[in-house]
Amino acid sequence: MHFLNEIIIEKGGKEMGVIPVIQSQLMPPPVKESFMRRASLHKKLASIPHYPLTILHARAGYGKSTALTLFAHDIKVNSCWYSISPNDDDIIPFLTKFVHAVKAKYPGFGAAILTELQMLHNHISDEQLWSLISMVVNETIGLQTPVVIILDDYHHVQKSMVIEKWMKHFLEYIPSNLYVVLSSRSKPSWGLLTSLKVKGELLEITQEDLMLSSGEIEHLLEDSYEITIESQDLERIHHLTEGWAIAVHMLAGSFRNGNFSGSFLENRSETLQDLFDFLALEVLSKQPFGHQEFLLKTSILDELSPPVCDALLDTADSDSVLSKLSQQNVFIQEIDGRKYRYHALFKEFLQNQLKMKNAEEHARLNRRAARYFEKENIENAVYHYLEVAEYERAAHVISQSGKDLLQKGKLQTLLDYLKPIPEVLKNDFPILWFYQGEISRLRSSYEWAESCYKRAIEIGETISDHYLMSISLEGIARIYLDTIQPDKAERVLQRAISLREHSDGSKEEMAELYHLLSENLLNSGQAVKAEKWYERAEALNLPLEEGNLKARIYLRTGRLNKARDLLLKRKNSTKDTGIVHLSQSHRETEILLSIIEAFRGRAEESKKYAEQGMKLGMDIQSPFVEACGWMRMGHAVQLIERYESYLAEKCYNTALDIMDTIDVPRGKAEPYMGLCILLGTQGQYEKAIEAGHKGLYETERVKDVWLSTLIQLCMGIAGIYCEKYESAYQVLVEVRSQFEECGDRYGMMLTSFWKAYAAYETGKEEVFSQEMRQFLNEMYAGDYQYFLKRRTTFGPADIQNFVPMLVKAQKYNIHNPLISELGIGSMDNHPGYTLKVAALGKFRIHLGNRVVLESDWQRGKAKELFEFFITNKNKLVDRVEIFREIWPEQDEDAASRSFKVSLNSLLKTIEPHRKAREESYFIKRNGAFYGINPDAVFQLDTVLFEEWVTEGLTEKDPFQAKELLERGLKLYEGDYLPDHRFADWCLTERERLQVLFLRAAEMLAQVSVRLSDFETCIHWCERILMEEDTWEEAYRLLMFCYYQKNNRPQAIKWYGKCKKVLNAELGVEPMEPTKEMYRMITQAADLEIW
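So for the sequence shown, the numbering used here puts the first residue at 189; every next one is plus one.
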């Protein structure tokens, strides 16, 4: 027999079951007259708002809840209350009620968190857990007021590993305006408690603090029970009860007529539990017979209400009995209107008495209660059936209610229900095997989960239950998805879909299966098939929490602009609505935008999104997201000229280290891909290929064809950079075929370009014509024109490489309009690379990526002639003036001969492939005038330095100014052309750039002070003084920074140095502002002494 017709397991973006929130859980119990305010305990409790965490831990009956109730009513700060019940022992119900507890006092709190909780699966991942921590922290900070939250009876959820994990990590990042109070029967075993205690951030209230002293017992007896007691008897009571509050209350209740009877003190028990049982028996025996029966029989209930008690006892006066018992304070507490609860110890005592006196009655009552709760509260029904080993009825109820428990995230509760059910009954109710599999899968016990699913499938086949088979197959597929086995997952999902289409599955379930298959196909590189299944899911017109799946399909099929537009739209809509989405790992919007912008050559945008992704990973403590941010940062840094290549390598290695730490091997493929192309551009072929093979090992293991193909493309590019054209070309032929299989138009365009490049370099005219034509056609068709204009991840490191190829394409009449549009129709002499010149500090030249070595300059004067030209870069210089500056000791004829020889040597050095008698591209001649060709593309560090620092000097925003100034100053590695320190022709330029450096460094130091970044200010002031030791503003800033860092001796020392240098170098005193700064520092020091 099976009960599957009513079972609908909701997954994916569907809302989970509603978590019932009982208002009485969110408010402290009312203060009773019998509650006693204890001075010593009250003093400790009053300090709660001074500690981020307070823990009260003691056994039952010591008055933890009573003490906190009094505190909550007395405190001036708003306190939020959450009485935790045994049913809250899973993270989703726990967090839901936690948020509602705060929301009860602050109505604007937690709406976004509750929305996310409702949209979660029945289990949450580590990343989602961290994201929820981040959301709760941020929303609490947003309240901008002190908040106390009391978590009473925390012991009910201490066995939940996920709640414990959430609490530990939440407390590590607890907001400064939040004070958590935790009450439990046992102290949590959290490692962070030690550090909190050392830092003075933990208040611990122990069982000893809660024990009643002799004086407090006397006060309680006299004021609350009107019992007068002798001092010797008081000491005997204190000794007997050991200050256990519940025992004192029970003992007091046993004294008749307000007169103390010492005979009760003669029954000294072995343990406090024995004492409690003795006293409880006294309390019970003093009740009328009818009340005794009521107490015993209703003790099987966790929560008492008149309707439930009437149904259980087949009576109609439960309301009256409960009211009387409550008034008599017979260890029964009113919790919500007409609902009550026995004290835990008293309830246990009553149940033991009932079992001992009449076990059959105990069983009968549990069965009766279970039948009643089948209509009212399924969890209670299962509890009562299991209590008396009615496993078949329990299995029946679980089979119909398990889906609701899964949707509510109550995995531990469901697991506790399933454990005692015999296997033979699970076979009769095979949906139970499915539930067992779901719990195990969500807790990463994949082997046992698959075994459970397979049991359900076997039984489903026997009874022809297609729905059961389908959902179990889906469970197995999710295991394969979790463990990255896309080939296995595809087969299982196809079968699950086929079975679901022949069962009574809902449209929502079908859409989710289509979506799962689409994502699985995408992950295995089958983007075209993935898109078809995605469209089938979309056709059902149901909302899907897609994890940016559509944008990822666009990315893997080369529709980069569409992917970017879709992601930006999603990002903006999320920002506008204020909805906070949980982490989606590599699917995160910023992470995807970063790689798309890198592919599109927008390096700064890529870097910005990578930084956002890294920050998100750190904020939510998701190492995987952080690692994705690092690898995407590596792609961006490779494309930005101002960064050294070692920074990109560092980014990739950081990502690899994180992936090793969290043991996610597949995540290492992309950093290896980045390293492959980075090392290839540096000419390190063997290392590049090694990195490529390491990446391929990971992608081929999980059959991700698309990423494998990108890595192979990088290996081909590395081969071309290292002039291994034939082998690289063969790799590219295979890569082209694989990109066609994946449907990636961008990848096809890239492959055509590099095949054309290899053909161009090897002089294969026919192949070049064919591949170049295909490249340009695909570039236009895919709207990839930016590939020619900006450096991209898989494009040439020097975009000037395009020019000679395009010029040659013109000869074959390939896309002539493009050639005209780019303005390169007449550039027959273009060398095909960018000339990069560094003149600040050591003089260096790069021809594209190739370094010009000192030995490449055949004549020293050839190098000096080039340095002269770049110094006069904005004009052509008369050859006579050149003779005078470079060869002042020679006459005109000798200088003319030297000039011709040096110029020829210069041109061979910077344009080694220039044909004989062909005009130079970089050096222009106009009659007797020579100089840098103003139309040539070259890069000079002095120009970049001047542009960036000039912009930084005028920028009003301090953060932007700091970034611009740092970017420019990083280029200033030393004086301009230091090897010509005494040459007149570069003296003016050197001094001009030095003054610009000093102004920019001073401004950066001042901006850093505004931003309280004193270390940066100190660094640049010291750099200023290395260049110019009389720069007084630098001394003032150093004095101020050390003063702010509470290092007055160092501040005073800098004033002394300033005074000494100014006197020695200029014969002057420091200016008045500097003296005023000195007086301020010394006076503050004097005040501190007093």
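The beta carbon of each residue, even a glycine, is placed where N, CA and C say it ideally should be.
Shortest alpha-carbon distance to Pro610 belongs to which of Tyr634, Ala582, Glu635?
Ala582
Using alpha carbons as the reference points, say which of Gly713, Ala791, Ile243, Thr486 lies closest to Ser377.
Ile243
Gly871 and Cys910 - do their beta-carbons sit closer together than 8 Å?
yes
What residues are listed by DSSP as bridge partners for Ser371?
Partner residues in the beta bridge of Ser371, as assigned by DSSP, are Leu244.
Pair every Cβ in the stretch 879 to 887 with every Cβ in the stretch 691 to 704, then say whether three or more of these pairs are closer than 8 Å.
No: fewer than three Cβ pairs fall under 8 Å.
Can the beta-carbon of Trp1208 be found closer than 8 Å to that of Leu1192?
yes
Helix, strand or coil for Val335 per DSSP?
strand
Given that a residue counts as buried once 16 or more other Cβ atoms are within 10 Å of its Cβ, and exposed if not, what is Ala1252?
exposed
Assuming Glu949 contacts Tyr1000 under a Cβ cut-off of 8 Å, what Cβ separation, rounded to an integer in Å, is found between them?
With 8 Å as the limit, Glu949 and Tyr1000 do not qualify as a contact, their Cβ atoms being about 17 Å apart.
Starting from Gly1119 and walking both ways along the beta strand (DSSP E), at which residues does that stretch end?
1117 to 1120
Straight-line Cα distance separating Asn1092 from Leu1128:
22 Å
Rounded to whole angstroms, what is the Cα-Cα separation between Ala1104 and Lys1112?
16 Å
Pull the bridge partners of Arg961 from the DSSP assignment, please.
None, per the DSSP bridge assignment.
Check whether Glu172 and Leu613 have beta carbons under 8 Å apart
The requested residue 172 is not part of the displayed model; the chain covers only 189 to 1278.
Are the beta-carbon atoms belonging to Thr328 and Asn365 less than 8 Å from one another?
yes
Take every Cβ of the stretch 1144 to 1157, pair it with every Cβ of the stretch 1034 to 1047, and state whether three or more of those distances are shorter than 8 Å.
Too few Cβ pairs lie closer than 8 Å, so no.
Please report the distance separating the alpha-carbon of Ile828 from that of Asp1217.
When rounded, the separation of the alpha-carbon atoms in Ile828 and Asp1217 is 34 Å.
Opposing strand residues paired with Ile1033 [DSSP bridges]:
Val1025
Leaving out five residues on either side along the sequence, give the residues of the same chain with a beta carbon under 6 Å from the beta carbon of Leu553.
Lys485, Ile488
Where do the N-terminal and C-terminal ends of the alpha helix (DSSP H) with Pro522 fall, by residue?
Checking the sequence shown, residue 522 turns out to be Glu, not Pro. Looking at the DSSP string, Glu522 is not in any alpha helix (DSSP H); the run it does join, the beta strand (DSSP E), is 520 to 524.
Could you check what DSSP says for Leu308 in three-state terms: helix, strand or coil?
Three-state DSSP puts Leu308 in coil, outside helix and strand.
Rounded straight-line distance, which links the Cα of Gln973 to that of Glu966
10 Å
Counting pairs of Cβ atoms below 8 Å between the stretch 809 to 821 and the stretch 833 to 845, do you hit three or more?
yes
Tell whether a beta-carbon distance below 8 Å holds between Tyr1109 and Val1065.
Contact flag unset, no.
Does DSSP classify Glu1276 as helix, strand or coil?
Here Glu1276 scores only 42 on pLDDT, less than 50, and its place in the model should not be relied on; the value that follows carries that caveat. It is helical.
Cβ-based neighbour list, Gly1162, same chain, cut-off 8 Å, excluding 5 preceding and 5 following:
Leu1028, Gly1029, Lys1030
Between the stretch 331 to 342 and the stretch 255 to 275, can you find at least three pairs of beta-carbon atoms closer than 8 Å?
yes
Can you check whether the CB of Glu799 is closer than 8 Å to the CB of Glu793?
no
4-residue-minimum alpha helix (DSSP H) runs that sit fully inside the stretch 548 to 626, ordered along the chain
Runs found: 566 to 575, 579 to 595, 599 to 606, 611 to 616.
Proximity winner among Gly379, Pro1100, Ile1058, relative to Val1040 (alpha-carbon distances)
Pro1100
Could you check if Lys1063 is buried or exposed, using at least 16 other CB atoms within 10 Å of its CB as the buried criterion?
exposed
Quick check: is any heavy atom of the ligand NAD less than 7 Å from the C-beta of Glu548?
Ligands are entirely absent from the displayed structure, and the ligand NAD is therefore not among its contents.
Give a yes or no on whether the C-beta atoms belonging to Ile425 and Ile393 are separated by under 8 Å.
With contacts defined as CB atoms closer than 8 Å, Ile425 and Ile393 fail to qualify as a contacting pair.
Give the secondary structure of Trp432 by DSSP, where H, G and I count as helix, E and B as strand, and everything else as coil.
Coil, per DSSP.
Spatial neighbours of Lys353 within its chain, please: CB distance less than 6 Å, with the 5 preceding and 5 following residues excluded, ordered by chain position.
none
Whether His550 touches Leu542 by CB criterion (8 Å)
yes
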